[in-house]
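Take 1 as the starting number for the sequence shown in UniProt numbering and just add one per residue.
Ideal placement from N, C-alpha and C gives every residue a C-beta, glycine not left out.
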Amino acid sequence: MQAMQYAITLPADYDMEIIRNRVKSKGHLLDDFEGLGLKAYGIRERGVDGSPVNQYAPFYLWADPEAMNRFLNGDGFRGVIRDFGRPVVQHWQGLLHLPGPASGALPRTFSRRTETLPESTDPATAIARALAAHEELATTDGVHSTALALDPRHWELVHFTLWSDAVPHASAGDRYQVLHLSAPGVGRLGAGRQW
Numbered sequence: 001m002q003a004m005q006y007a008i009t010l011p012a013d014y015d016m017e018i019i020r021n022r023v024k025s026k027g028h029l030l031d032d033f034e035g036l037g038l039k040a041y042g043i044r045e046r047g048v049d050g051s052p053v054n055q056y057a058p059f060y061l062w063a064d065p066e067a068m069n070r071f072l073n074g075d076g077f078r079g080v081i082r083d084f085g086r087p088v089v090q091h092w093q094g095l096l097h098l099p100g101p102a103s104g105a106l107p108r109t110f111s112r113r114t115e116t117l118p119e120s121t122d123p124a125t126a127i128a129r130a131l132a133a134h135e136e137l138a139t140t141d142g143v144h145s146t147a148l149a150l151d152p153r154h155w156e157l158v159h160f161t162l163w164s165d166a167v168p169h170a171s172a173g174d175r176y177q178v179l180h181l182s183a184p185g186v187g188r189l190g191a192g193r194q195w
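Put into structure tokens, the structure is as follows:
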């Protein structure tokens, strides 16, 4: 499993209905993309739920890394580049994906938090602690699914959770509205630890 996200920050006065309409018209195109586990079409709106920016920032879990490459070199991503410029694409090696009690519902939001592991921290200990926290989180009411991934170049963990309703205020990190969920291969992501 690979996790991936790019963020397109838009002007403060940008009409976010443009993004909503774009997702309405194009979101279904990845509903059967071979090798994609899931894509959460996420947005943040300035002044909503603590967001300082307007942003389109989809989050992906790939069941097949070759599919991720096929997407990044394909027509869909070319359209993103044409319309918004080429964004920085962050990606992480998947460690865990678990469904939650609300996995049968359509998620309305997701939270994403990154955590840089300090130089003085033993990576294995920090990862084990994060895995245990996600296993507990996966039992929480309102959780659609949760994932944990690692970028070993920067020793950064990404914590990603889809929610059936609003992100609880106790959850740290950025909060996104989900406009659409494509999940053609969510079953191929597996459940449990990948590490």
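- I19 and T9 have their alpha carbons spaced roughly 12 Å apart.
- Per the coordinates, the alpha-carbon of D31 lies some 24 Å from the alpha-carbon of G85.
- Excluding five sequence positions before and after Y14, the CB atoms of its chain that fall closer than 8 Å to its own CB belong to N54, given in chain order.
- If the five residues before and after V186 are omitted, its C-beta is found closer than 6 Å to the C-beta atoms of G37 and L38, all from its own chain and listed in chain order.
- A straight line joining the alpha-carbon of E45 with that of M16 spans about 8 Å.
- Beta-carbon to beta-carbon, W163 and F110 are separated by about 7 Å, close enough to satisfy the 8 Å threshold.
- Around the C-beta of A133, fewer than 16 other C-beta atoms lie within 10 Å, and the residue is accordingly described as exposed.
- H97 carries a strand assignment under DSSP once its states are collapsed to helix, strand and coil.
- Within its own chain, the residues whose Cβ lies closer than 7 Å to the Cβ of A147, once the five positions on either side in sequence are excluded, are A3, L61, G94, L96, H97 and F160, listed in chain order.
- With a contact defined as Cβ atoms closer than 8 Å, L117 and W155 qualify at about 4 Å.
- About 13 Å separates the Cβ atoms of A102 and V167, ruling out a contact at the 8 Å cut-off.
- DSSP places L106 outside both helix and strand once states are collapsed to three, so it counts as coil.
- The alpha-carbon separation between L29 and S182 amounts to approximately 9 Å.
- Comparing alpha carbon positions, the residue from L157, R175 and L189 closest to T121 is L157.
- A124 and M68 have their C-alpha atoms roughly 27 Å apart.
- Annotation: R188 to P65 spans about 12 Å, alpha carbon to alpha carbon.
- Where D151 is concerned, the enclosing beta strand (DSSP E) starts and stops at V143 to D151.
- Secondary structure of H134 (DSSP, three-state): helix.
- Non-local C-beta neighbours of G76 in its own chain, meaning closer than 8 Å and more than five positions away in sequence, comprise K26, L29 and L30, ordered along the chain.
- For L106, the closest of L179, P58, A12 and F71 by C-alpha to C-alpha distance is L179.
- Under DSSP, I8 forms a beta bridge with Y56.
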